[in-house]
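In what follows, a structure is listed as structure tokens, so that the remarks can point back to it.
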């Protein structure tokens, strides 16, 4: 149990250091044109990758979970219909929950 | 739109993401206790690590009886993307000293997404702060509730909460994706890279590898 506390402390400290490292990068680095262009584009890539990984993978492998796939599909439909943000989230969660109920 | 309208739109976005994604803290609290963590351990992770993917990775590995050093490293790999977000947010937030130390804790997927969706730097700052505050409070309260309510709660997946995060990120990226063919290609390439890498790398690495797509776009 004590060992687990050490792991938790290490993860908390490390995660904070990682967050601070980017925010506290020297001005000289941030102002470099290559770095600023990279920093501008990278969140789009990471968030898109995150969507793909959270929806289409499970336990280290590719997996097409029908409930999550349907939920993301519902979000796309809601976005195409210009639904407000919370409606998009509710459509996604509701669809995923419904598919899970029907598929058991 | 004028300044005030931009800022109230940012507050609305921030509260929406903070409250909706914050509900997944229920899933984290429940998963942590199921994996063998105590309630204080689950809460300390949410208070201090405050980055969902890393927290889930650590508790998942603990639950699977994995090696704690490997589990901690896996959690840190997932936290690595926050460094890249920080590079971008540094320019938008322009915080120094103690305020920077505080803002750093808020550098995560959700706050970055909301901040970048705003049309002006002022609105981006408002979006960052609102998302950080509402998500921090909600995430920690729901962690506590999830950790205590494990047995009565059942499976949070039944509520479809696991799709709220991806749906929120998609909704936030949407206007930028519909407005730019280059960003659409970038997003598609990043998603494909991450999916292809998933079977071969530990959790966290595939998403970081997707940054390669950015380099390709920049070289072209």
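Residue numbers (my numbering), protein chains in the order written: chain E, 2 to 105; chain X, 675 to 894.
Backbone N, C-alpha and C fix where the C-beta goes; we use that ideal spot for every residue, glycine too.
Query	Result
Beta-carbon proximity check, residue 89 of chain E vs residue 789 of chain X, cutoff 7 Å	no
is_contact[residue 644 of chain X, chain E] using C-beta, thresh 7 Å	Outside the shown range of chain X, which is 675 to 894, sits residue 644 of chain X, and nothing can be said about it.
Partners in chain E for residue 813 of chain X, counting only beta-carbon separations shorter than 8 Å	Ordered by position in chain E, no residue passes the 8 Å Cβ test against residue 813 of chain X, which lies about 14 Å from the chain.
Proximal residues of chain X, C-beta to C-beta of residue 67 of chain E below 9 Å	Residues of chain X passing the Cβ test: none, with the nearest at roughly 12 Å.
Alpha carbon of residue 731 of chain X to alpha carbon of residue 676 of chain X, nearest angstrom	42 Å
Proximal residues to residue 710 of chain X (C-beta, below 7 Å), its chain only, five neighbours per side dropped	736 and 737
CB of residue 882 of chain X within 7 Å of CB of residue 754 of chain X, strictly	yes
Closest by C-alpha distance to residue 779 of chain X, when choosing among X:756, X:869 and X:685	X:756
Runs of alpha helix (DSSP H) wholly within the region 816-876 of chain X (minimum 4 residues, chain order)	824-827, 838-853 and 855-871
Pair within 7 Å by beta-carbon distance, residue 865 of chain X and residue 49 of chain E	yes
Nearest neighbour of residue 723 of chain X, chosen from E:91, E:103 and E:12 [CA to CA]	E:12
CB-CB length for residue 762 of chain X against residue 40 of chain E, believed under 8 Å	4 Å
Residues bridged to residue 59 of chain E (per DSSP)	E:62
Interface residues of chain E facing residue 792 of chain X [CB-CB closer than 8 Å]	None at all; the shortest Cβ gap to chain E is about 13 Å.
For residue 816 of chain X, the nearest candidate out of X:681, X:691 and X:720 (CA to CA)	X:720
Nearest-angstrom Cα separation, counted from residue 849 of chain X out to residue 51 of chain E	18 Å
Element boundaries [alpha helix (DSSP H), containing residue 86 of chain E]	86-104
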